[in-house]
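First comes the structure, then the notes that go with it.
Chains as they are written, first to last, in the numbering used here: chain S, 1 to 508; chain E, 509 to 757.
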């Protein structure tokens, strides 16, 4: 049943035989008219959708060099065909990255190229029919925009860019996706994906402060809207409620406490996530990002730090400066923005944090490189810092750490299966299938090295894994936040925030 | 008559190739890249990007990571084609450049290597079900075209020689606008005719991967978005408009 393609490239994960149409019926709920209109998109599929879609494609081709070059450059070499976790999990050939791209490319060729206009049968060009649109809606919502295929493409063709463009086109003809568009609307209205108002957020943070004090005997603050604080922490709203996310948030708070810095959360920018990236909308992405700039200005902070979230970090690291910069009102001594891992690692390197590693001895850990961090951003000042820094932090606060197989981590990391705006229950089957390559890699180290828990630095990964891990024989709590480990092991200074830490160091 | 037709076709094909390719390259260069999207880990300096691009173009680094068979066939084909093309410079230079004379012996082996690489790539299109699924007729025909060009070229060396002195006179005649007769050997005419086809379809086909790779934002962008604010022309307009909108809310 297995085609290993002669040379074993994927040592661990078998390549499935093709199963045409296996995932044809997997498609998410379509956005309701209200959700569409709130973002300025037509409420439902417009009458002249075909014409408008082609127009929009033409417009995007003029606006994006990536799209133009990627439409032209593919030679169908097949390098990407066995790289997508959704293909590996489903066998549906339209989940091979090149075949997914071709859903848009065949329309591009038909309407925008000489060969496709005059010899469509020769170059695989096709009219934009209702069937093609249905395929777009199904299969461009089976791409988590994880960029794994782009690592292997000899021309760097990034299917994420193509699925973003396709979703942007579909939004503009009135066929948006409910999950993403509803959430983006919530951010515009309330300030975060979950729709948590300021009052509820304040309560939650107070509860967390009480929990920490009860557990550790130390008062660790989680300030909200504190004017004049040095640091604005922007974190995914899942960190306020979901497990294991919230344990990560507690970890950030403890690190800030221990560093003796003044920091704050903002109720206006109470969301690091920016789902507008998933739908490929520059304008929406900018509107969402603008909240962070405004919060930073209103609160008068000097630095912006992002919590553990994959795509949020990609948007923050790569796009924030472009979208809503320049950030000349912040302290130029620090990069804008910073990742919480960069902040924590910096303290560890300076010897300012003390860990009792035995606090994590009940676990043997492995690290899941979240795709948007791994292939769409960086930490620190060297390429690959996004791989090294989180691992270094884990090693600093845990005794038992093992990496998964080399072709499933770092730049070759398998997506959790829930990224790119697919973390919705109407796509649960797809999510389970997409998670299977990662789960196979995890099973491998669980058997070989008795790994018990997997660490992630992405809110989507954490939610996705706690949902699908039980399907694969792991407990839903076998996914942990990186700063949860920090939180477990960090020896807290009982002195008041802001005092020097010398006494602590003498104790060693 | 035949010579005139071929001379005319050569000028036409060259014009289509040059104008078509220039148009495409200008399009790629002029189309803005609104956001920083290098596939990371990516170089943090421009010099680093030159290195990454060089590894991509010379060694096919990403393809090597992806699939060793495709890499092997693809790399051998491209490297051999380069040698073969350089070897052909002897038909267009008088006196022949010294380094071109040095390449003559290896150019012949390269012809066979090119054929082997192409055959391997074509074989994959039939035998690997995933690659078969994604292949359009044009993908097969492109390989067939290249194989036919290579095979007819080798046949002129090993099966039926053509008058290469006369051929060279024809080639130089094209360059110096001084038409000379073309030997009317069928193999040569097929060989040249197919090369003309290749030149003409180049700017309209997937052969655009050649210029395309240099313009791929995933590979040619420097990873420095925090240090240097990246902006694209159309962005600045919508930028101010959106800012105003957001500010008024």
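Quick reminder that beta carbons are idealized off the backbone N, C-alpha and C, glycines included.
Strand pairing of residue 303(S), partner residues [DSSP] = 231(S).
Is it a yes or a no for the stretch 300–317 of chain S touching the stretch 232–245 of chain S, going by three-plus beta-carbon pairs under 8 Å?
-> Contact holds between the stretch 300–317 of chain S and the stretch 232–245 of chain S, because three or more Cβ pairs, one in each stretch, are under 8 Å apart.
Among the residues of its own chain, which have a CB less than 7 Å from the CB of residue 355(S), if the five just before and after it don't count?
-> Counting only Cβ-Cβ distances below 7 Å, and skipping sequence neighbours, we find 396, 397, 489, 490, 491.
Alpha carbon to alpha carbon, how far is residue 626(E) from residue 118(S)?
-> Approximately 27 Å, taken between the alpha carbons.
In terms of residue numbering, what span does the beta strand (DSSP E) encompassing residue 553(E) cover?
-> Here residue 553(E) belongs to no beta strand (DSSP E), and DSSP marks it neither H nor E.
Measure the CB-CB distance between residue 370(S) and residue 436(S) and report whether it falls below 9 Å.
-> No, Cβ-Cβ distance for residue 370(S) and residue 436(S) is not below 9 Å.
Any C-beta of chain E sitting closer than 9 Å to the C-beta of residue 74(S)?
-> Closer than 9 Å: yes.
Anyone know if the C-beta pair for residue 433(S) and residue 23(S) falls short of 9 Å?
-> It is a contact, given that the beta carbons lie within the stated cut-off.
Closest residue to residue 19(S) among 90(S), 208(S), 341(S) (Cα-Cα distance) = Comparing Cα-Cα distances from residue 19(S) to each of 90(S), 208(S), 341(S), the minimum goes to 90(S).
Once you ignore the five residues that flank residue 464(S) on each side, which residues in its own chain have a CB closer than 8 Å to its CB?
-> The beta carbon of residue 464(S) sits closer than 8 Å to the beta carbons of 416, 417, 418, 419, 423, 431, 435 from its chain, once the five residues preceding and following it are set aside; these are given in chain order.
Comparing the C-beta of residue 329(S) with each C-beta of chain E, is any distance below 9 Å?
-> Not closer than 9 Å to any Cβ of chain E, the Cβ of residue 329(S) fails to qualify, so no.
Alpha carbon to alpha carbon, what distance is there between residue 192(S) and residue 271(S)?
-> Distance from the CA atom of residue 271(S) to the CA atom of residue 192(S), rounded to whole angstroms, is 5 Å.
Reference residue 166(S), options 143(S), 357(S), 332(S), closest by Cα = Closest option to residue 166(S), Cα to Cα, is 143(S).
Please work out which residues of its chain come closer than 6 Å, Cβ to Cβ, to residue 618(E), disregarding the five sequence neighbours upstream and downstream, and give them in chain order.
-> Result list for residue 618(E): 588, 591, 592, in chain order.
Closer than 9 Å at the beta carbon, the chain S residues around residue 643(E) = The answer, in chain order, is 76, 78, 124.
Closer than 9 Å, Cβ to any Cβ of chain S: which residues of the stretch 531–555 of chain E, in chain order?
-> Residues are counted here when their Cβ sits less than 9 Å from a Cβ of chain S; for the stretch 531–555 of chain E these are 532, 535, 536, 537, 538, 539, 540, 541, 542, 543, 544, 545, 546, 547, 548, 549, 550, 551, 552, given in chain order.
Can a CB atom of chain S be found closer than 9 Å to the CB of residue 756(E)?
-> With a pLDDT of only 41 at residue 756(E), under 50, the local geometry of the prediction cannot be trusted, and the value read off the model is given with reservation. No, no contact with chain S.
Using 10 angstroms around the beta-carbon of residue 25(S), count the other beta-carbons present and answer buried if the total reaches 16, otherwise exposed.
-> Only exposed fits residue 25(S), as fewer than 16 other CB atoms lie within 10 angstroms of its CB.
Which stretch, first to last residue, makes up the alpha helix (DSSP H) that contains residue 522(E)?
-> Residues 510–538.
Distance CB(residue 42(S))-CB(residue 177(S)) smaller than 9 Å = Result no, Cβ atoms of residue 42(S) and residue 177(S) do not sit closer than 9 Å.
Among residues of its own chain, excluding the 5 on either side of residue 202(S), which ones have a beta-carbon nearer than 8 Å to its beta-carbon?
-> 224, 267.
Cross-chain neighbours of residue 386(S) in chain E, by beta carbon under 8 Å | The answer, in chain order, is 548, 549.
Which of helix, strand or coil DSSP assigns to residue 367(S) | Of the three classes helix, strand and coil, the one that applies to residue 367(S) here is strand, per DSSP.
Hey, residue 732(E) and residue 552(E): beta-carbon distance below 9 Å or not?
-> A contact, by the Cβ cut-off of 9 Å.
Return the chain-ordered ranges of every beta strand (DSSP E) run that is complete within the stretch 210–276 of chain S and spans a minimum of 3 residues.
-> If we require 3 residues or more, the beta strand (DSSP E) runs fully inside the stretch 210–276 of chain S come out as 231–234.
Could you have a look at residue 454(S) and say whether DSSP puts it in helix, strand or coil?
-> Note: residue 454(S) maps to strand in three-state DSSP.
Check whether the Cβ of residue 638(E) lies closer than 9 Å to any Cβ atom in chain S.
-> For residue 638(E), the closest Cβ of chain S is nearer than 9 Å.
So, using beta-carbon positions, are residue 61(S) and residue 112(S) closer together than 9 Å?
-> When the beta-carbon positions are compared, residue 61(S) and residue 112(S) come within less than 9 Å of each other.
If you compare alpha carbons, which of 468(S), 161(S), 120(S) is closest to residue 547(E)?
-> Closest option to residue 547(E), Cα to Cα, is 161(S).
With burial defined as no fewer than 16 other Cβ atoms inside 10 Å of the residue's Cβ, what is the status of residue 759(E): buried or exposed?
-> The first residue shown for chain E is 509 and the last is 757, placing residue 759(E) beyond what the model contains.
CB contact below 9 Å: residue 458(S) versus chain E = For residue 458(S), the closest Cβ of chain E is not nearer than 9 Å.
Quick one, are the C-beta atoms of residue 240(S) and residue 292(S) less than 9 Å apart?
-> In this structure, residue 240(S) lies away from residue 292(S), with their beta-carbon atoms at least 9 Å apart.
Exposed or buried, residue 362(S), counting other C-beta atoms within 10 Å across all chains shown (16 or more means buried)?
-> It counts as exposed.
At which residues does the alpha helix (DSSP H) containing residue 466(S) begin and terminate?
-> That run of the alpha helix (DSSP H) goes 459–468.
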